[in-house]
Amino acid sequence: MLRPKAFWAALYLLLMLLPLLIGEWAARTAGLERRPWLDEWASGLGMIGFALVLLSFFLLGRFKPLSGWLGSDLLMQTHQLFARTAVLMLLLHPFFYSLWRAPPGPTSTSAAEVLRIGGGSWGLVTGVLALGCLLVLVASAIWRQRSDTSYERWRLMHSALALAVVGLGLHHTLVSGRFAQFGAVASVWWALAGLALLSWLWVYGVRPLWQGAHPYRIEKLERCADRIWRLEIAPRSPKGARFRAGQFAWLKLGHRWPHRDNPFSISNAPGEGGRVQFLIKEAGDMTRGLAQHTVGDTAYLDGPHGRFDLPPEATAVVMHAGGIGVAPFVSLLADAVARQDPRPLRLIYADKLRDQMVDVVALSGADALPDFQLLPMVEQPDAAWEGLAGRLDAIGLAKALAHPAVAPLANTAYHLVCGPEPMMDAVETALVTRGVPPERVVSEHFKYDFSGLSPLAKRMRQTWWGLSAASLLGLVLALVWR
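Have a look at this one:
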């Protein structure tokens, strides 16, 4: 039986090849005359690339069954990595056509005729515009990770560009694609584009309407550390969000604009009268304005999403938190208290300054657990500090794992990691280097950087390379088969 991730990889590969496979089958059945091999290769690259663009909408459609099964972490990484595959394929596919080595035609021949594009000049125009929008969309997403671009403005632009790519790309595919003349192929393109549009409408239309009918009320809003707020909301109607410990939700305060929600980890245990708590750090557009809100203000919730929990098969769990990455662990500990989890649970909690650290034990009630211990670590300790000193990197982690409370568990426990990307990369690398199997290292990422150096990040990129190469192999086999 295939594991969920293996099944997901196989399904994703099949879906990216589906229009091509149906097109080759239809062409063979109809006896369509073959073009030069490079022309067929170029067409296939374009079909796979556009299929990947359409599938990317579904990955970010915030479908709870999918994110609960695979985890939002895996879905987001798949979205970001395969966007690069799609761009590369779509950017290169026109240059493989054999026309580039053909003798120049009459000077009166249009560009569309020279490129053998059906649909006349409009087929060429929409294809070029779709590719341009896609390049801007992907480049802006990568650049935003390295700049101070407003998150809300970027979300609005990203959404608009994505819709433009679908509309322009679908027109180009249907009027210029050689295989789109077959009804079966055209139906697949319409189906994939329809699913992409429905995913967009779900996030930007249906969900905001549902949230408007099920608003929340701010019950508590208080500082619990330097630049850290504790926000508690409760449903105004009897029906509130039902979540599992460790999940996250997209939150909006005082408005329902769909491009202005932000993801935050839930920091309380389930089953508390529908109440949802968050620990939020002042860091961006929305979070810097938290102080402007008061008790009684309206909040809107889209969630829960994700899958970040204490593995039931684990005999012991070591949690590694950096900064505000402690939020999901507060939820997990509070839930463990409610269940009276007897397993050894350890939390290594690191931050730059002591004043920026929240009181995990008070927030979660973890002192009631049978076997729990907190190991705080500060990068810049003051004279009165009695905990671990240093940064949670390879050196700091070695100190923490050597602590008497952790050392007996370190090699057999499951390790959960959440925090800033550099810290997570360092912890993942150190744990796997130490000999902890990657299957026992579970991470919760909110930002994704292609430059991650940990064995887990490298393995994800290897999977991406493998599936991308498999799609090209599938293209070759399809061409040989016909």
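So for the sequence shown, the working numbering puts the first residue at 20; every next one is plus one. Note that the Cβ used here is the ideal one computed from N, Cα and C, for glycine as well.
**Request:** Kindly indicate which residue of Gln96, Ala476, Leu109 has the alpha-carbon position closest to the one of Leu150.
**Result:** Leu109
**Prompt:** Grouping DSSP H, G and I as helix and E and B as strand, with all else coil, what is Gln296?
**Reply:** strand
**Straight-line Cα distance separating Lys371 from Phe77** = 38 Å
**Message:** Looking at Leu320: is its Cβ nearer than 7 Å to the Cβ of Ala232?
**Reply:** no
**Asked** Where does the unbroken beta strand (DSSP E) through Thr431 begin, and where does it stop?
**Response** From DSSP, Thr431 is part of no beta strand (DSSP E); its letter is neither H nor E.
**Item:** Under the three-state DSSP convention, the category Leu51 falls into
**Value:** coil
**Item:** Simplified DSSP state of His324, which is helix, strand or coil
**Value:** strand
**Item:** Euclidean distance between Cα positions of Pro427 and Gln359
**Value:** 22 Å
**Item:** Rounded C-alpha distance that separates Trp88 from Arg53
**Value:** 43 Å
**Request:** Kindly indicate which three-state DSSP category Ala318 falls into: helix, strand or coil?
**Result:** strand
**Cα-Cα separation between Leu111 and Ser206, rounded to whole angstroms** = 25 Å
**Message:** Assuming contact is defined by CB atoms lying nearer than 7 Å, are Leu450 and His464 in contact in what I supplied?
**Reply:** no
**Under 7 Å between C-beta atoms of Ser284 and Phe267** = yes
**Asked** According to the Cβ coordinates, are Pro234 and Thr317 closer than 7 Å?
**Response** yes
**Prompt:** Cys437 and Pro289: beta carbons closer than 7 Å?
**Reply:** no
**Message:** So, with DSSP's three-state summary, where would you put Arg249?
**Reply:** strand
**Message:** Could you check whether the Cβ of Ser383 sits closer than 6 Å to any heavy atom belonging to the ligand SAH?
**Reply:** With respect to the ligand SAH, the structure shown offers nothing to examine, as it has no ligands at all.
**Asked** What span of residues does the alpha helix (DSSP H) with Gly341 cover, start to end?
**Response** No alpha helix (DSSP H) contains Gly341, which is instead part of the beta strand (DSSP E) from 336-341.
**Prompt:** Can you tell which of Leu388, Arg480, Leu394, Gly146 has the C-alpha that lies nearest to the C-alpha of Arg373?
**Reply:** Leu394
**Request:** Output the boundary residues of the alpha helix (DSSP H) element that contains Gln96.
**Result:** 91-111
**Message:** If I measure Cβ to Cβ from Pro277 and keep anything under 6 Å in the same chain, skipping five residues before and after, which residues do I get?
**Reply:** Tyr223, Pro227
**Span separating the alpha-carbon of Asp412 from that of Tyr116** = 50 Å
**Asked** Going along the chain, which unbroken runs of the beta strand (DSSP E) with 3 or more residues stay wholly within the stretch 399-466?
**Response** 433-437, 460-462
**Message:** On the DSSP letters alone, give me the boundaries of the beta strand (DSSP E) that Ala244 sits inside.
**Reply:** 235-244
**Item:** Met396, DSSP secondary structure in three states
**Value:** strand
**Message:** Nearest by alpha-carbon distance to Gly315: which of Thr482, Met176, Arg236, Gly186 is it?
**Reply:** Arg236
**Prompt:** Taking buried to mean at least 16 other C-beta atoms within 10 Å of its own C-beta, is Trp500 buried or exposed?
**Reply:** exposed
**Message:** Taking the beta carbon of Gly50 as the centre, do at least 16 other beta carbons fall within 10 Å, making it buried, or is it exposed?
**Reply:** exposed
**Message:** Suppose you measure from the CA of Ala421 to the CA of Glu458; what does that come to, to the nearest Å?
**Reply:** 22 Å
**Asked** Residue range of the beta strand (DSSP E) that Arg263 falls in?
**Response** Counting along the chain, Arg263 falls outside any beta strand (DSSP E), and DSSP gives it neither H nor E.
**Prompt:** If you run the structure through DSSP and keep just helix, strand and coil, what is Arg477?
**Reply:** For the sequence presented, residue 477 should be read as Lys rather than Arg. Correct three-state label for Lys477: helix.
**Prompt:** What is the rounded straight-line gap between the Cα of Arg453 and the Cα of Pro474?
**Reply:** 12 Å
**Asked** What number of angstroms, rounded off, separates the C-alpha of Phe82 from the C-alpha of Gly90?
**Response** 11 Å
**Prompt:** Applying the criterion that 16 or more other CB atoms from any shown protein chain within 10 Å of the CB defines a buried residue, is Gly124 buried or exposed?
**Reply:** With a pLDDT of 49 at Gly124, under the threshold of 50, the modelled position of that residue is not reliable, and the figure given next carries that caveat. The residue is exposed, with fewer than 16 neighbouring Cβ atoms inside 10 Å.
**Request:** Return the Cβ separation of Arg294 and Ala253 in integer angstroms, given the expectation that the two are a contact with Cβ distance under 8 Å.
**Result:** 5 Å
**Message:** Once the 5 residues before and after Gly80 are set aside, which same chain residues still bring their CB inside 7 Å of it?
**Reply:** Ser218, Trp221, Val222
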